[in-house]
Amino acid sequence: MATTQAVLTAEGLRYRYGETVALAGVDLRVDPGECVALLGPNGAGKSTLVALAVGLLAPQQGTVRILGGDPLRATTRRRLGVAQQTLGFPNTLTVGELVSGAAVRGGLRATAAVPVLEELGLTDLARRRVAKLSGGQKQRVQLAMALVTEPALLVLDEPTVGLDTQARRHFWEILARRRAQGTAVLVTTHLIEESAAVADRVVVLDHGRVLADGSPQELVSRLPDRTVTVRTTLDQDGLERLPGVLRLGREHGLVTIQTRSPEDLLRVLLDRDPQVSELRVRDAGLEEAVVALTDGGEAVGPSPSAPSRARGTSGRTHEGSTA
Amino acid sequence: MNMMMGRVFRAELRDELRSIVREPTSLFFGVLMPVGIFVLFNLLYGHDAVQGLSAGTAMVATFGTYGVITVASLQPGIGVAQDRDLGWLRMKRVSAVPIWISLTAKATAALLYGVGVLVLMGAAAAAFGTLHASPWALLRVALVLLLGSVPFTLFSVAVGFRFRTGAASALLNAVLFPLAVLSGLWMPIRLLPSVVRDIAEFLPTYHLAQLGLAQLGQGTSLLHVLALVVTTVVAAGVAAASYRHARI
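If you read the sequences in order, they're chains R and B. Mapping of the first sequence onto full-length UniProt numbering: residues 1 to 323, in sequence order. Mapping of the second sequence onto full-length UniProt numbering: residues 1 to 248, in sequence order.
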């Protein structure tokens, strides 16, 4: 049986900055057309993993390959499209010059920029200097620069920050078209619920280790938490005394309570405060799952029937299912 | 350089030249100031004679040195610092552009800019009737000054890899001004105090200006060539070390 060649493979990646361990043995595989979201708190190792994948850093241990090639080699890096949140543009250049320049740097003719500018709705802005663009337009320019070389792997760092809802939807539609043509996407983001909506797989990193790898639905389904939202007269002390409270929060005058036994909690809550109103119970989302993971409270992994494609060497990895 | 790298180099060079032409402050400091000072001194002293050479002609070498090293010292270094600050150098690295292509494009753009400065100075001196040298001698002066600007470009790049844009700009300007004064680029070195003349012999700008004057028949070349070769080797080492330690 023929197997598809992975676009990105990382095996046993370890990296340290002096005494600080950034990656402690990470395996990762991204297949053609797949969208993988890298999630985790600041300092989890996401940036280091991405820097290794795009050839900005050399692995101290382990290997990373793009379509079987070493990303430290320029010929391999031409298969990548990268959009980084922190990129600024030389204000003296126009949109058209930036995108056609990216095409030339990727080994194509400058005219390769024309269809991409059109696809991203930038044709009318092609002669405008980048200094005069809004934040959202700059994001589109950067995506155009990443897409113009028809990359096998798109690496996106917080790609939708600064985009409004419509622009965000348009952005993911463009990526969906590219993914249908086989382009793989590796995205790092803090917008967890957004990644839940668009990613095929979510890889949660913390302290340089992979804590979880699976589809967003898999990760969420392994977390039994429910969130109860309610308006109540109970004070903080009274809320903390309710049975099964995992976390408490307040949003717009409402109390949010995370629990694994909402029935028990609600029985006692209604007994102690008959005035409760605006009561709502919902399943945990991906955000709660990731927070639970990275707080060290849970170990959420892929189901036994779905073999892992990302693996860390931590004791907190996904060898078992929900703790 | 293969065909693809050639195309990338041309694209990089085009971007650099656009950045220079579209940035009014760089035009002011890189062209208007050196050419303006040249015009002023040429009008005042251009017809004087200095050791058998008209002052206006000698100024093409001395002010030409100032003009060329101004662009060679400021443009590449500030450009590298800006590119680093923007993450642009990192983007180029990811997009498989070898660093030497980017740097060569910056240096070439500065050289072309320097050619423009020299042409304007030569044209001004000719218009004032103070230019008395053969086209071949003037061409030699231009080639010497452009080639001799390499160590200044290397030093500039070293600064660009170590400092942020504002600091790099301030440092390069702070170094450039005293170098110009102490090397006799603005007034004949023989008119300066002896202590300045003693200091000048240790400055690469002095040797470059003297090498330019030698092409016009004033003085010899060998010592100045040696001094500039040594400076180039040292500047290359500093630039390489600076790149190795740079955060890109």
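Built from N, CA and C at the ideal position, the CB exists for glycine as well.
Checklist entry - According to the Cβ coordinates, are R:G12 and R:T63 closer than 9 Å? => result yes
Checklist entry - Would B:I248 count as contacting chain R if we go by Cβ distances under 9 Å? => result yes
Item to check | Secondary structure of R:A44, DSSP reduced to three states | outcome: Coil at R:A44, not helix or strand.
Item to check | Where R:G10 sits in the DSSP three-state scheme | outcome: For clarity, residue 10 of chain R is Ala in the given sequence; the question names Gly instead. Note: R:A10 maps to strand in three-state DSSP.
Item to check | R:P216 classed as buried or exposed, judged by whether at least 16 other C-beta atoms fall within 10 angstroms | outcome: buried
Next on the checklist: Assuming contact is defined by CB atoms lying nearer than 9 Å, are B:A81 and B:A167 in contact in what I supplied?
Outcome noted: yes
Checklist entry - According to the neighbour-count rule (16 or more other Cβ atoms, all chains shown, within 10 Å of its Cβ), is R:V50 buried or exposed? => result buried
Checklist entry - I think B:S156 touches B:G77, with their Cβ atoms under 8 Å apart; what is that distance to the nearest whole Å? => result 3 Å
Checklist entry - So, is B:N42 buried or exposed, given that buried needs 16 or more other C-beta atoms within 10 angstroms? => result buried
Checklist entry - Helix, strand or coil: how does DSSP classify R:E278 here? => result strand
Checklist entry - Among residues of its own chain, excluding the 5 on either side of residue 330 of chain R, which ones have a beta-carbon nearer than 7 Å to its beta-carbon? => result Not covered by the structure: residue 330 of chain R. The range shown for chain R is 1 to 323.
Next on the checklist: Cβ closer than 7 Å: which chain B residues qualify as neighbours of R:A102?
Outcome noted: S95
Checklist entry - Buried or exposed: where does B:A235 fall if 16 or more other Cβ atoms within 10 Å of its Cβ makes it buried? => result buried
Next on the checklist: Taking only three categories from DSSP, how would you classify B:S54?
Outcome noted: Strand at B:S54.
Checklist entry - Does the beta-carbon of R:P302 have 16 or more other beta-carbons within 10 angstroms, so that it is buried, or is it exposed? => result The pLDDT assigned to R:P302 is 39, lower than 50, so where the model puts this residue is not dependable, and the model offers no usable value.
Checklist entry - When the Cα atoms are used, what is the spatial distance from R:P249 to R:E287? => result Residue identity check: residue 249 of chain R is Gly in the sequence provided, not Pro. One C-alpha to the other measures close to 14 Å.
Checklist entry - What separation, rounded to the nearest whole angstrom, lies between the Cα atoms of R:Q259 and R:Q61? => result Note on residue identity: the sequence assigns Thr, not Gln, to residue 259 of chain R. Rounded to the nearest whole angstrom, the C-alpha separation of R:T259 and R:Q61 is 41 Å.
Next on the checklist: Assuming R:K46 and R:L57 are in contact, meaning their beta carbons sit under 8 Å apart, how far apart are those beta carbons, in whole angstroms?
Outcome noted: So it is not a contact: roughly 13 Å between Cβ atoms.
Next on the checklist: Threshold first: 4 residues or longer. Then list the alpha helix (DSSP H) segments lying entirely within the stretch 96–142 of chain B, N to C.
Outcome noted: Segments of the alpha helix (DSSP H) lying fully in the stretch 96–142 of chain B: 99–128.
Checklist entry - Is B:L40 helix, strand or coil when you go by DSSP? => result helix
Checklist entry - So, residue 272 of chain B versus B:A58, is the Cβ gap smaller than 9 Å? => result In the structure as shown, chain B begins at 1 and stops at 248. Residue 272 of chain B is therefore absent and cannot be evaluated.
Checklist entry - Are the beta-carbon atoms belonging to R:V82 and R:V99 less than 9 Å from one another? => result no
Next on the checklist: Assess contact between the stretch 161–175 of chain R and the stretch 86–100 of chain R, defined as three or more Cβ pairs (one per stretch) separated by less than 8 Å. Is contact present?
Outcome noted: Taking one beta carbon from each stretch, the stretch 161–175 of chain R and the stretch 86–100 of chain R have fewer than 3 pairs nearer than 8 Å; the two do not touch.
Checklist entry - What does R:T92 touch in chain B if you count any residue whose Cβ is under 7 Å from its own? => result R18, S19, R22, E23
Item to check | Chain-ordered neighbours of R:R105 on chain B, where CB pairs are closer than 8 Å | outcome: The answer, in chain order, is V8, A11, K92, S95, A96, V97.
Checklist entry - Where are the beta strand (DSSP E) runs, 3 residues long or more, that stay fully inside the stretch 214–301 of chain R, in chain order? => result 226–231, 245–251, 254–259, 277–283
Checklist entry - Just the Cα atoms here: how many angstroms apart are B:A240 and B:R164? => result 18 Å
Item to check | Beta-carbon neighbours of R:G26, restricted to chain B and to distances below 7 Å | outcome: Note that residue 26 of chain R is Val in the sequence shown here, rather than Gly. The contacting residues do not exist; R:V26 stays about 20 Å from chain B at best.
Checklist entry - Apart from the five residues on each side of it in sequence, which residues of its chain come closer than 8 Å, Cβ to Cβ, to R:P41? => result Closer than 8 Å at the Cβ level, and outside the excluded window around R:P41, lie D206, T294.
Next on the checklist: So, with DSSP's three-state summary, where would you put R:A126?
Outcome noted: coil
Next on the checklist: Please list the terminal residues of the continuous alpha helix (DSSP H) segment that includes R:R201.
Outcome noted: From DSSP, R:R201 is part of no alpha helix (DSSP H) but of the beta strand (DSSP E) over 201–206.
Item to check | Residues that DSSP places opposite R:A83 in a beta bridge | outcome: R:L156
Item to check | Between the CA atoms of B:G184 and B:A123 - distance to the nearest angstrom | outcome: In a straight line, the C-alpha of B:A123 is about 22 Å away from that of B:G184.
Checklist entry - What is the residue span of the beta strand (DSSP E) that R:V21 lies within? => result 20–30
Checklist entry - Is it a yes or a no for the stretch 85–92 of chain B touching the stretch 109–125 of chain B, going by three-plus beta-carbon pairs under 8 Å? => result Under the three-pair Cβ rule at 8 Å, the stretch 85–92 of chain B does not count as touching the stretch 109–125 of chain B.
Item to check | Span separating the alpha-carbon of R:V300 from that of R:A196 | outcome: No answer about R:V300 holds up, because its pLDDT of 39 lies below 50 and its placement is not dependable.
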